[in-house]
Amino acid sequence: MAWSFFRSSVPKSASSAPAGGSNGGPWHARLEESGLQAITVSNELLGLEGRAALVTGAGQGAGRGIAFQLARAGAHVAICDLAGEAAESVADEVRSLGVNAVAIEADVRDEVAVASMIQEARSVFGSLDVLVNNVGNYGGHAPAPITEIDWDFWQTAIDLNLRSTFLCSQAFARSRLESEEGGAIVNIASLSGVRASPNKAPYGAVKAGVIQLTQTLALELAPRGIRVNCVAPTGIEGPSLLAAASEASIAAMRESIPLGELCTAERLGDCVLMLASRLARYVTGQVVMCDGGASVTTRRASIPLGEGQRTGLEY
Numbered sequence: 118m119a120w121s122f123f124r125s126s127v128p129k130s131a132s133s134a135p136a137g138g139s140n141g142g143p144w145h146a147r148l149e150e151s152g153l154q155a156i157t158v159s160n161e162l163l164g165l166e167g168r169a170a171l172v173t174g175a176g177q178g179a180g181r182g183i184a185f186q187l188a189r190a191g192a193h194v195a196i197c198d199l200a201g202e203a204a205e206s207v208a209d210e211v212r213s214l215g216v217n218a219v220a221i222e223a224d225v226r227d228e229v230a231v232a233s234m235i236q237e238a239r240s241v242f243g244s245l246d247v248l249v250n251n252v253g254n255y256g257g258h259a260p261a262p263i264t265e266i267d268w269d270f271w272q273t274a275i276d277l278n279l280r281s282t283f284l285c286s287q288a289f290a291r292s293r294l295e296s297e298e299g300g301a302i303v304n305i306a307s308l309s310g311v312r313a314s315p316n317k318a319p320y321g322a323v324k325a326g327v328i329q330l331t332q333t334l335a336l337e338l339a340p341r342g343i344r345v346n347c348v349a350p351t352g353i354e355g356p357s358l359l360a361a362a363s364e365a366s367i368a369a370m371r372e373s374i375p376l377g378e379l380c381t382a383e384r385l386g387d388c389v390l391m392l393a394s395r396l397a398r399y400v401t402g403q404v405v406m407c408d409g410g411a412s413v414t415t416r417r418a419s420i421p422l423g424e425g426q427r428t429g430l431e432y
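Position one of the sequence shown corresponds to residue 118 (the working numbering), numbered consecutively onward.
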């Protein structure tokens, strides 16, 4: 099976991509229309065919997109989510791609539940080679100035983003060290963990913590061949963002990004796929910015303060 990554190479008007693109997905055509040309990579080169991966928070959104990219590369995938029905639905979709998938309902903030989750995935697949720590968000709290944030926001941010990443990474590392060496952990951080944004102190701080944890784990686990890396995206374009933000605000976000496009679940999945694959076999302790260049520009989206506070649009 061939795989497509993308490079910026042609102007928007020059694209003639067929509907669905070479992999049959509509996102491929959208990327080519944005001036991104496909580069074909075989699954043999990626080295994930027949391997097993676990993705947390994979019942929807970014996690679902990551799971699909791994499955398209031939990996078997454990779809883990707090919502069991959503996880099962995604697992059914993943199986349609010709790989094995299992849905696991788990609260990744709970140490016992995490250990059970890892063990169940290993029991189904016989091994577990890749962990993607995707869980992490605001936990229902609205961004707010530091003078108005209560501790509950901080605790929720810590538990959802940092505690979950630590517990899952620890359990995965323990399971790998028991019987085999090697493997890969990919953590999902955020542009907010690299570049400060107003009204987001808890979220930015814990995402910075995820980045630091990534680098520490990379040093500790390197002698056993376990690579640990991190992807830091901008806000992910999808139903939740489209429902929360006005068209004008989304347009402002796009305008602030040098490549002119928001991140999507599939684009994030491409970065995760690369870091999980053989292509990154000499890469560990790194933060890959999946942000269209937002981290290297001084431009910021001009979003009304009220809307930004409600939705967290200032990624």
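Ideal placement from N, C-alpha and C gives every residue a C-beta, glycine not left out.
Quick check on residue i: buried or exposed, where buried means 16 or more other Cβ atoms within 10 Å of its Cβ?
{"i": "valine 229", "result": "exposed"}
{"i": "tyrosine 399", "result": "exposed"}
{"i": "threonine 333", "result": "exposed"}
{"i": "aspartate 276", "result": "buried"}
{"i": "isoleucine 221", "result": "buried"}
{"i": "threonine 415", "result": "exposed"}
{"i": "aspartate 198", "result": "buried"}
{"i": "aspartate 387", "result": "buried"}
{"i": "valine 413", "result": "exposed"}
{"i": "threonine 381", "result": "buried"}
{"i": "threonine 264", "result": "exposed"}
{"i": "tyrosine 432", "result": "Bear in mind that a pLDDT of 39 at tyrosine 432, under 50, signals an unreliable position, so the number given afterwards is only what the model happens to contain. Answer is buried; the Cβ neighbour count reaches 16."}
{"i": "serine 307", "result": "buried"}
{"i": "alanine 179", "result": "buried"}
{"i": "alanine 397", "result": "buried"}
{"i": "glutamine 426", "result": "Reliability of the predicted coordinates at glutamine 426 is poor, the pLDDT of 41 falling under 50, and no value is obtained from them."}
So, with DSSP's three-state summary, where would you put residue i?
{"i": "aspartate 224", "result": "coil"}
{"i": "aspartate 387", "result": "helix"}
{"i": "glutamate 210", "result": "helix"}
{"i": "aspartate 198", "result": "strand"}
{"i": "leucine 248", "result": "strand"}
{"i": "isoleucine 275", "result": "helix"}
{"i": "serine 159", "result": "strand"}
{"i": "leucine 165", "result": "coil"}
{"i": "alanine 218", "result": "strand"}
{"i": "leucine 358", "result": "helix"}
{"i": "alanine 170", "result": "strand"}
{"i": "glycine 433", "result": "The question about residue 433 has no answer, for the chain in this structure spans 118 to 432."}
{"i": "threonine 415", "result": "coil"}
{"i": "alanine 325", "result": "helix"}
{"i": "valine 400", "result": "coil"}
{"i": "isoleucine 183", "result": "helix"}
{"i": "asparagine 140", "result": "With a pLDDT of 38 at asparagine 140, under the threshold of 50, the modelled position of this residue cannot be trusted, and the question is left open."}
{"i": "valine 311", "result": "coil"}
{"i": "proline 262", "result": "coil"}
{"i": "alanine 349", "result": "strand"}
{"i": "isoleucine 343", "result": "strand"}
{"i": "isoleucine 374", "result": "coil"}
Measure the Cβ-Cβ separation of residue i and residue j and say whether it is below 8 Å.
{"i": "threonine 401", "j": "cysteine 285", "result": "no"}
{"i": "isoleucine 343", "j": "isoleucine 302", "result": "yes"}
{"i": "histidine 193", "j": "alanine 175", "result": "no"}
{"i": "alanine 349", "j": "cysteine 407", "result": "yes"}
{"i": "glutamine 177", "j": "leucine 390", "result": "no"}
{"i": "asparagine 251", "j": "isoleucine 196", "result": "no"}
{"i": "isoleucine 328", "j": "valine 404", "result": "yes"}
{"i": "leucine 163", "j": "alanine 203", "result": "no"}
{"i": "phenylalanine 242", "j": "histidine 258", "result": "no"}
{"i": "isoleucine 266", "j": "alanine 318", "result": "yes"}
{"i": "arginine 384", "j": "glycine 377", "result": "no"}
{"i": "valine 231", "j": "alanine 288", "result": "yes"}
{"i": "lysine 324", "j": "serine 314", "result": "no"}
{"i": "arginine 181", "j": "valine 216", "result": "no"}
{"i": "leucine 379", "j": "threonine 351", "result": "yes"}
{"i": "phenylalanine 283", "j": "leucine 330", "result": "yes"}
{"i": "isoleucine 235", "j": "serine 292", "result": "yes"}
Assuming residue i contacts residue j under a Cβ cut-off of 8 Å, what Cβ separation, rounded to an integer in Å, is found between them?
{"i": "asparagine 316", "j": "alanine 261", "result": "6 Å"}
{"i": "serine 357", "j": "alanine 411", "result": "Not a contact, Cβ separation roughly 19 Å."}
{"i": "serine 281", "j": "arginine 341", "result": "In fact, because the Cβ distance is near 22 Å, the residues do not count as touching under 8 Å."}
{"i": "leucine 214", "j": "alanine 188", "result": "5 Å"}
{"i": "serine 394", "j": "leucine 165", "result": "6 Å"}
{"i": "tyrosine 290", "j": "leucine 336", "result": "Residue identity differs from the one stated: residue 290 is alanine in this sequence, not tyrosine. Actually they do not touch by this definition, with Cβ atoms about 13 Å apart."}
{"i": "leucine 279", "j": "glycine 326", "result": "5 Å"}
{"i": "threonine 273", "j": "glycine 253", "result": "Wrong, their Cβ atoms sit about 11 Å apart, outside the cutoff."}
* At least three beta-carbon pairs within less than 8 Å, the stretch 292 to 300 to the stretch 237 to 249 -> Using a C-beta cut-off of 8 Å, the stretch 292 to 300 makes contact with the stretch 237 to 249, since at least three inter-stretch Cβ pairs fall below that distance.
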